[in-house]
């Protein structure tokens, strides 16, 4: 009986340690990822040995990678890819290629074989989306030139993880022989094509129709189950045909990305994704050999310095053809100087495919983990350090010319939550005044109605922070909450004030007694329906009794 519950015990230990060390990291203003990694090291077999079956944890944690790639796939509609711009798409591809090539050449010059050198280059090419976005957002730098460039390159790197996994899997299976590559790649491409066709029928055609049905729309739990089932099914089918489960999840996500349900699905799976991604990151720490780290600390620290400096320089070089500002290029390089969450995925794929020896694998894991620990401090000062460095290395005239091109983006739209009768009337008035308008609505039918009226509309539950973020609440001139349910409105206001306290909120109060409560929770302007109706009734009575 105890054996059956051993996995549950391990999960409790890992999640508890991750929570504790995550809190400590947050308190020290470090990335929670570094806390999770240290938690894995401490509970792992090379330290306190509190986890009984690290292999079982590793298998379960791979669901985190599948869910993460599913969520990323939901981001990558063809429409979204176009918005990355040259610095995101072309600069991102150039950065990945440049890092792989330079790192591989350096390591080959030091005596490493070709496939291992390419694997190390691929691992080094990725940066952390979690750390980068979180630090840029917390310092209000998402809309700076280097912030937008960093986001575009991070999204490109997230997209590149699929071909990179396939490349390293192929190199591992092919045993580094060029002659084996055609033999290995053809079945892989055929399997991917077959999987894509099957998932297109299911995820691209059938699922949107199911999600649009009235039966599903009336129940909030059913869409969540359908979204999760689609991810897990795609992952299993990919595994069954010999591909990475994460690739199947990614394809399912990208097929759903162009549907109106993409944002809400992403929000629905976020809590579950958070748990499993935490498990995955912590499980990486389980494999860190403390004794190896103690014996080779000088080597690890040396490679950490080389990795951070080299990657910062190469990323800045990759950005230069697309950014006028030298400072912005340097700041982008520093922002993306760390390893990424998927660097650990690629390291594990490389180790499983015998591309890396145990010592090489442990060195890479240690360097990646330490780079994440020091990264928040680097990102926090990236703009200041880059400006200071540019003035010392580049003629001041060149720096000034580039800085003049650095402007902040301002969208200035009105975000309207709810497109019922009241919301529709408000939208018509706002739109007729020439204001840019974005509508966030939980009903798929009303989203279609709003789009039919010519408005920009997104499907999503406004009580979830992710949906408010996707609707660019932080860039809005004003948030209008036009839904009748006071309880839901109260939650939306609380989330909005936490996420973007500078954005004023106009909220509808259906009943007079609720108006004061909505004002207390953060409504800047509360429209009291009963008060308005009473005044209107009184005015109409006076029109009859006291005609002019």
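Residue numbers (this note's numbering): 34 to 581. All C-beta atoms in this analysis are idealised placements derived from N, C-alpha and C, irrespective of residue type, glycine included. Please read these numbers as outputs of a predicted model, since none were measured by experiment.
Can you tell me whether DSSP reads residue 442 as helix, strand or coil? Only weak support is given to the placement of residue 442: the predicted model assigns it a pLDDT of 40, under 50, and the question is left unresolved by the model.
Buried or exposed for residue 119, please, with buried defined as at least 16 other CB atoms from any protein chain shown within 10 angstroms of its CB. exposed
At what residues does the beta strand (DSSP E) containing residue 541 begin and finish? 538 to 542
Would you say residue 413 touches the ligand PLP, meaning its beta carbon is less than 7 angstroms from a heavy atom? The ligand PLP is absent from the structure shown, which contains no ligand whatsoever.
Starting from residue 550, trace the alpha helix (DSSP H) both ways and give me its first and last residue. 545 to 554
Using only the alpha-carbon positions, how far apart do residue 485 and residue 477 sit? 12 angstroms
In this structure, what does DSSP give as the bridge partners for residue 492? 474
Going by the beta-carbon positions, is the gap between residue 559 and residue 536 smaller than 8 angstroms? no
Between the alpha carbons of residue 412 and residue 288, how many angstroms are there, rounded? 34 angstroms
Hey, could you find the ends of the alpha helix (DSSP H) residue 301 is sitting in? 295 to 319
Skipping 5 residues on each side, what residues in its chain have a beta carbon closer than 7 angstroms to that of residue 404? 337, 340, 341, 371 and 372
Note down the Cα distance separating residue 570 from residue 564, rounded to an integer number of angstroms. 10 angstroms
According to DSSP, is residue 78 helix, strand or coil? coil
Less than 7 angstroms between C-beta atoms, sequence neighbours within five positions excluded: which residues of the same chain meet that for residue 456? 449 and 515
Using three-state DSSP, classify residue 84 as helix, strand or coil. coil
Can you name the start and end residues of the beta strand (DSSP E) that residue 512 belongs to? 511 to 514
For residue 525, collect the residues of the same chain with a Cβ closer than 7 angstroms to its Cβ; drop the 5 residues on either side in sequence, then sort them by chain order. 450, 495, 496 and 514
Taking only three categories from DSSP, how would you classify residue 448? strand
Using DSSP bridges, identify the partner residues of residue 561. 542
Kindly indicate the opening and closing residues of the alpha helix (DSSP H) around residue 393. 391 to 413
Using only the alpha-carbon positions, how far apart do residue 135 and residue 445 sit? 42 angstroms
On a CA-only basis, which of 168, 186 and 149 is nearest residue 127? Give me that one, please. 186
Contact between the region 79 to 95 and the region 51 to 60: three or more CB pairs below 8 angstroms? no
Please classify residue 190 as buried or exposed, where buried requires at least 16 other C-beta atoms within 10 Å of its C-beta. buried
Given a threshold of 16 other Cβ atoms within 10 Å of its Cβ, counted over all protein chains shown, does residue 500 qualify as buried or as exposed? buried
I think residue 201 touches residue 383, with their Cβ atoms under 8 angstroms apart; what is that distance to the nearest whole Å? 5 angstroms
So the candidates are 472, 562, 309 and 149; which of them puts its Cα closest to the Cα of residue 97? 309
What's the call for residue 546, buried or exposed, on a 16-neighbour Cβ count within 10 Å? exposed
C-alpha gap between residue 328 and residue 393, whole angstroms: 14 angstroms
My parser needs the alpha helix (DSSP H) runs of 4 or more residues fully inside the region 335 to 383; what are they? 359 to 368
Close beta carbons around residue 293, own chain, < 7 angstroms, minus the five adjacent residues each side: 477, 480 and 492
With 16 other CB atoms within 10 Å as the buried threshold, where does residue 211 fall? Because residue 211 carries a pLDDT of 34, less than 50, the predicted location of this residue cannot be relied on, and no value is offered for it.
Could you tell me whether the region 42 to 52 touches the region 85 to 93, where touching means 3 or more Cβ pairs closer than 8 angstroms? yes
Could you give the residue range of the alpha helix (DSSP H) that holds residue 43? 39 to 60
Cβ neighbour criterion (16 or more within 10 Å) applied to residue 269: exposed
Through-space distance from residue 396 to residue 390, alpha-carbon basis: 10 angstroms
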